[in-house]
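Going by this note's numbering, the first residue of the sequence shown is number 87, and it counts up by one from there. Below: the structure, in structure tokens.
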Amino acid sequence: TYNLEHFTDGIRDEPERTPEVFMTHAREAAAIIAEANPDILLLQEVENGRVLEFLNDQFSDPYPYIYISKLRQSSGANDKLNLAMLSRLHPIQVRQLGFYNLGGAGRPARGALAAEFQIDRDFRLLAYNIHLKSNYGEAPRNQAQRGIALHHIAADIVAETYQNALSSNATATVILGDTNVDPDTEQFAADPSLEPLAGAFADLWRGRPIEERTTIPTRQAGETGDPLLVFPPAAFDRVFASKNLAANGPWRAAPPQAIQKGTDTANNLTQPGINGHVSDHHLVYVDLERALSP
């Protein structure tokens, strides 16, 4: 999973976001992604299919399956912060879970992208790409929106798992993406946002040292940055695995890893595609390994 920080095409964007800057952004992002070389890549903050196709073209071996959401804001306007997936595995199905039709102040931001894969004859994998509400604004409302989003996603997982059970298929689930929460930090220790996943899912970053789990590093202000935007490091980009991936299932989730590069930590106002800055987030990956037979 990789939040690409406003991965837009440079057309009718801010003056400093030109098509040339976008292309540099894409090439540098592709170089980091290639280090992990994932079979399934989940991306956040992708504007449209055009930028996704250009990114895919930067790989020496482009991904054969490409998907992007078409999220809408509550006003009905198209959202530039879409969710995307590149995959080397052929998905059985890919669905968008959109929240824009929900009403009320607790309506979650954005949505989710859900994909299902047949890993082997009797085993299916559900993969959910998420981007939960940011921390801008009132904390109780942000927490409510994140929690409601995860309630909807958890209900969808239950429904899909039950349908597969009728076909005698074992099903496991991974949820990856930018949650904007790190429960191992003081700021979020009492934050209830992730509680809808408690019990049924293992949060694979929990308990890891901050040096290992940092996915959004501290960016200093430097001489020209903003001192009000200096925050402690955190692991906002999280990996959740259903318990059968963390215990006795036919496949196991290995500990997640972060490729901690591509962020200008000296100036927090450096934009993506400029001075080697790719994103304010790091790429996170997790390997699924077949369990050894007893």
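Note that beta-carbon positions come from the ideal geometry of N, C-alpha and C, so glycine has one too.
* **Backbone CA spacing between L188 and D242 [nearest angstrom]** => To locate residue 188, count along the sequence shown from 1; it is residue 102. To locate residue 242, count along the sequence shown from 1; it is residue 156. Distance from the CA atom of L188 to the CA atom of D242, rounded to whole angstroms, is 16 Å.
* What three-state label does DSSP hand L355 in the structure shown? -> Position 269 of the sequence shown holds residue 355. DSSP, reduced to helix, strand and coil, places L355 outside both helices and strands of the structure shown, so it counts as coil.
* To do: Decide if I126 is buried, meaning its Cβ has at least 16 other Cβ atoms within 10 Å, or exposed.
  => For the purposes of this step, residue 126 is identified with residue 40 of the sequence shown, where counting begins at 1. In this structure I126 is buried. Its beta-carbon is surrounded by 16 or more other beta-carbon atoms within 10 angstroms.
* Measuring alpha carbon to alpha carbon, tell me which of T349, P319, V372 ends up nearest A340. => Position 254 of the sequence shown holds residue 340. Here the closest residue by C-alpha is V372.
* Which partner residues of T259 appear in the DSSP bridge assignment? -> As a position in the sequence shown, residue 259 is number 173, starting the count at 1. Bridge partners of T259: L212.
* Give the DSSP-derived three-state secondary structure of Q231 in the structure shown. => Looking up residue 231 in the sequence shown gives position 145. Residue state, collapsed to three classes: helix.
* Asked: Taking the C-alpha atoms as reference points, what is the distance between P148 and M171?
  -> Within the sequence shown, numbered from 1, the residue matching residue 148 stands at position 62. Within the sequence shown, numbered from 1, the residue matching residue 171 stands at position 85. Looking at the two C-alpha atoms, the distance is approximately 13 Å.
* Nearest to P226 (by Cα), restricted to the options T259, H238, Y186, A276 -> Reading the sequence shown from its first residue, position 140 is the one you call residue 226. Answer by Cα proximity: A276.
* 7 Å CB neighbourhood of P282 in its chain, flanking five on each side removed -> Mapped onto the sequence shown, residue 282 falls at position 196. So the list reads G233, L236, H237, A240, once near-sequence residues are dropped.
* **Within 9 Å, strictly: CB atoms of A198 and Y214** => In the sequence shown, the residue the question calls residue 198 occupies position 112. In the sequence shown, the residue the question calls residue 214 occupies position 128. Yes, the Cβ-Cβ distance between A198 and Y214 is below 9 Å.
* Asked: CB-CB under 6 Å to A377, same chain, minus the five flanking residues each way: which ones, in chain order?
  -> Working through the sequence shown from its first residue, we reach residue 377 at position 291. Beyond the five residues adjoining it in sequence on each side, A377 comes within less than 6 Å, by CB distance, of P336, R338 in the same chain, given in chain order.
* Asked: Which one or two residues does DSSP pair with W381 in a beta bridge?
  -> In the structure displayed, the chain extends from 87 to 380; residue 381 sits before or after that span and is not available.
* Asked: What is the rounded straight-line gap between the Cα of Q179 and the Cα of E102?
  -> Within the sequence shown, residue 179 is the residue found at index 93, counting from 1. Within the sequence shown, residue 102 is the residue found at index 16, counting from 1. Using only the alpha carbons, I get a separation of about 38 Å.
* Asked: In or out: N334 buried (at least 16 other Cβ within 10 Å) or exposed?
  -> Along the sequence shown, read from residue 1 onward, the residue named residue 334 stands at position 248. Burial is judged here by how many other beta carbons sit within 10 angstroms of a residue's own beta carbon; N334 has fewer than 16 and is exposed.
* **Collapsed DSSP secondary structure at D366 in the structure displayed** => Within the sequence shown, the letter at position 280 stands for residue 366. Three-state DSSP puts D366 in coil, outside helix and strand.
* Quick one: Cα of A115 to Cα of A321, how far? -> For the purposes of this step, residue 115 is taken as the residue at position 29 of the sequence shown. For the purposes of this step, residue 321 is taken as the residue at position 235 of the sequence shown. Their backbone Cα atoms lie some 19 Å apart in a straight line.
* To do: Starting from the C-beta of P313, find all residues in its chain whose C-beta is less than 7 Å away, skip the five residues before and the five after it, and write them out in chain order.
  => If you number the sequence shown from 1, residue 313 lands on position 227. Around P313: A307.
* To do: Please state whether DSSP places Y371 in a helix, a strand or coil.
  => The residue you call residue 371 lines up with position 285 of the sequence shown. In the structure shown, Y371 sits in a strand (DSSP, three-state: E or B).
* To do: Report yes if the CB atom of R299 is closer than 9 Å to the CB atom of P342, and no otherwise.
  => Indexing the sequence shown from 1 puts residue 299 at position 213. Indexing the sequence shown from 1 puts residue 342 at position 256. The Cβ atoms of R299 and P342 sit closer than 9 Å to each other.
* Of the residues N361, F317, N266, V260, which one's Cα is nearest the Cα of A332? -> As a first step, residue 332 must be located in the sequence shown, where it is residue number 246. Considering only alpha carbons, the answer is V260.
* In chain order, each alpha helix (DSSP H) run of at least 4 residues that lies wholly inside the segment 114-170 -> At a cut-off of 4 residues, the continuous stretches assigned as alpha helix (DSSP H) that sit fully inside the segment 114-170 are 135-143.
* Let me know the secondary structure DSSP gives F274 once reduced to three states. => Counting from one through the sequence shown, the residue named residue 274 turns up at place 188. It is helical.
* Close beta carbons around L211, own chain, < 6 Å, minus the five adjacent residues each side -> Residue numbering aside, residue 211 sits at position 125 when the sequence shown is read from its first letter. In chain order, F203, I205, A258 place their CB closer than 6 Å to the CB of L211, counting only its own chain and leaving out the 5 sequence neighbours on each side.
* Any idea if S253 is buried or exposed, counting beta-carbon neighbours within 10 angstroms, 16 or more meaning buried? -> Locating residue 253 in the sequence shown gives position 167, counting from the first residue. So S253 counts as exposed.
* Measure the C-alpha to C-alpha separation of F145 and Q130 and round it to an integer number of angstroms. => Here residue 145 refers to the residue found at position 59 of the sequence shown. Here residue 130 refers to the residue found at position 44 of the sequence shown. Each residue's Cα considered, the two are about 18 Å apart.
* To do: Would you identify the three-state DSSP class for L90, choosing helix, strand or coil?
  => Working through the sequence shown from its first residue, we reach residue 90 at position 4. DSSP, reduced to helix, strand and coil, places L90 within a strand of the structure shown.
* To do: Note down the Cα distance separating T310 from T110, rounded to an integer number of angstroms.
  => Start at 1 with the first residue of the sequence shown, and residue 310 comes out as number 224. Start at 1 with the first residue of the sequence shown, and residue 110 comes out as number 24. Taking the Cα positions, T310 is about 22 Å away from T110.
* To do: Note down, in chain order, each residue of its chain lying with its Cβ closer than 8 Å to the Cβ of S365, except the 5 sequence neighbours on either side.
  => Numbered from 1 along the sequence shown, position 279 holds the residue referred to as residue 365. Excluding residues within five positions, the ones whose Cβ falls inside 8 Å are Y88, N89, L90, E91, A115, G348, T349, P358.
* Asked: Are the CB atoms of T104 and V137 nearer to each other than 9 Å?
  -> The residue labelled residue 104 in the question sits at position 18 within the sequence shown. The residue labelled residue 137 in the question sits at position 51 within the sequence shown. No; because the gap between Cβ atoms is not below 9 Å, this pair is not in contact.
* Who are the near neighbours of E133 in its chain, counting only those whose CB is closer than 7 Å to its CB and skipping five residues on each side? -> In the sequence shown, the residue the question calls residue 133 occupies position 47. Cβ within range, chain order: F93, T94, D95, K166, N168.
* **Assigned secondary structure, L236 (DSSP; H/G/I helix, E/B strand, else coil)** => Your numbering for residue 236 matches position 150 in the sequence shown. When DSSP states are grouped into helix, strand and coil, L236 belongs to the helix group.
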